[in-house]
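The structure under discussion appears below in the form of C-alpha cells.
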Amino acid sequence: MHWLRQVRHLPWPMLLESGRVEASQSQVQASVDEEISLGARFDIVVAAPVAKIIHRQPDTEVYTQQAQTNQTLIEKSQQDPFQVIQQWLAPHTVERMADIPFAGGALGYFAYDLGRSIETMPTLAAEDMPLPELLVGIYDWAIIVDHHLGISKLVSHARFSDHQALQTLHQQLLQPSIEQHEAAFK
31 MHWLRQVRHL
41 PWPMLLESGR
51 VEASQSQVQA
61 SVDEEISLGA
71 RFDIVVAAPV
81 AKIIHRQPDT
91 EVYTQQAQTN
101 QTLIEKSQQD
111 PFQVIQQWLA
121 PHTVERMADI
131 PFAGGALGYF
141 AYDLGRSIET
151 MPTLAAEDMP
161 LPELLVGIYD
171 WAIIVDHHLG
181 ISKLVSHARF
191 SDHQALQTLH
201 QQLLQPSIEQ
211 HEAAFK
C-alpha cells in the first residue's frame with residue numbers, strides 16, 4: 031500500500047487493511063448486496079505514536095518521547111494494561127465523525143496469552159515467540175483511505191497534535207516515495 035510505504039521510516043507504522051477485493055464491473059453489477067459489491071470501505075495507516083504501551087506479565091510499561099530533550103521516558107507499573115490504555119485515551123475522547131472511522135487513539139497487537147491478565151487459564155503450550163502480550167501505540171494522526179469515495183485523508187486528534195508537525199507530515203506524504211525515485215532511474 032502506497033501510504034504505508036510513505037511512513038515506514040517512522041516508528042511503529044501500522045496498517046489496518048479493509049480486506050477489499052477488487053471486483054470486475056460485471057461482478058459489481060451482478061451483486062445484490064452493495065457492501066459486497068463495493069468491498070470493505072476503509073484502510074487506516076498510522077505511525078509515530080505519542081506513546082507506546084508494552085505489557086509483559088506482570089509489568090506494563092509506557093514509553094513517551096520528551097519533545098524538549100528528545101529523551102525517552104519509561105513509566106513502569108503492574109497495573110492492568112487495559113486500564114493503562116483507558117487512562118491514556120480518557121482525556122481525549124471525542125464524538126465520532128461520519129466517514130472518519132479513526133482520527134487517533136489506540137491500535138496494536140494483543141497476544142492470546144494476554145487473556146491471562148484477565149482470567150486464570152491453563153498453560154497448554156510452551157512460549158515459542160519472545161513477544162510481549164500487548165504492544166499498543168497511542169496515535170495522534172491517521173491516513174484514512176476511503177475506497178467507496180476514492181479519496182485519502184490525513185486526519186488528526188486535535189487535542190493530541192502539534193499543528194506544525196502535522197503540516198510537515200502532510201508535506202512529506204506528498205513527496206514521491208523512494209520506490210518511485212528508484213523506478214524512474216531504471
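Using the working numbering, count along the sequence shown one by one with no gaps and you end on 216.
We treat Cβ as the ideally placed atom computed from N, Cα and C, and that holds for glycine.
All of these numbers come straight from a predicted model, not from anything done at the bench.
Practice problem: Out of His178, Leu161 and Trp33, point me to the one whose CA is closest to alanine 70's CA. | Solution: His178
Exercise. Could you please give me the residues that DSSP links to phenylalanine 140 through a beta bridge?
Key: Leu164
Quiz prompt | Pair within 8 Å by beta-carbon distance, alanine 78 and phenylalanine 132 | solution = no
Practice problem: Name the residue from Ala81, Ser182 and Trp118 whose alpha carbon lies nearest to the alpha carbon of isoleucine 130. | Solution: Ser182
Quiz item: Are there 16 or more other CB atoms within 10 angstroms of the CB of alanine 81, so buried, or fewer, so exposed?
Solution: buried
Self-check item: As assigned by DSSP and simplified to three states, the class of leucine 179
Solution: coil
Quiz prompt | leucine 164 and isoleucine 74 closer than 8 Å at C-beta | solution = no
Self-check item: Unbroken beta strand (DSSP E) run spanning valine 76, endpoints
Solution: 72-76
Self-check item: Distance between threonine 198 and isoleucine 125 (C-alpha atoms, nearest Å)
Solution: Checking the sequence shown, residue 125 turns out to be glutamate, not isoleucine. So the two alpha carbons sit approximately 26 Å from each other.
Quiz item: So what does serine 186 bridge to, in DSSP terms?
Solution: Trp171
Quiz item: Considering only the beta carbon of each residue, do alanine 195 and valine 166 sit closer than 8 Å?
Solution: no
Practice problem: Let me know if aspartate 170 comes out buried or exposed under the rule of 16 or more other beta-carbons within 10 Å of its beta-carbon. | Solution: buried
Quiz item: In terms of residue numbering, what span does the alpha helix (DSSP H) encompassing histidine 32 cover?
Solution: 32-37
Quiz item: Are the beta-carbon atoms belonging to aspartate 110 and serine 147 less than 8 Å from one another?
Solution: yes
Practice problem: Return the bridge partner residues of isoleucine 115 from the DSSP annotation. | Solution: Its beta-bridge partners do not exist; DSSP assigns none.
Quiz item: For serine 147, which three-state DSSP category applies?
Solution: helix
Quiz item: Is the segment 34-53 touching the segment 200-207 in the sense that three or more CB pairs, one from each, lie closer than 8 Å?
Solution: yes
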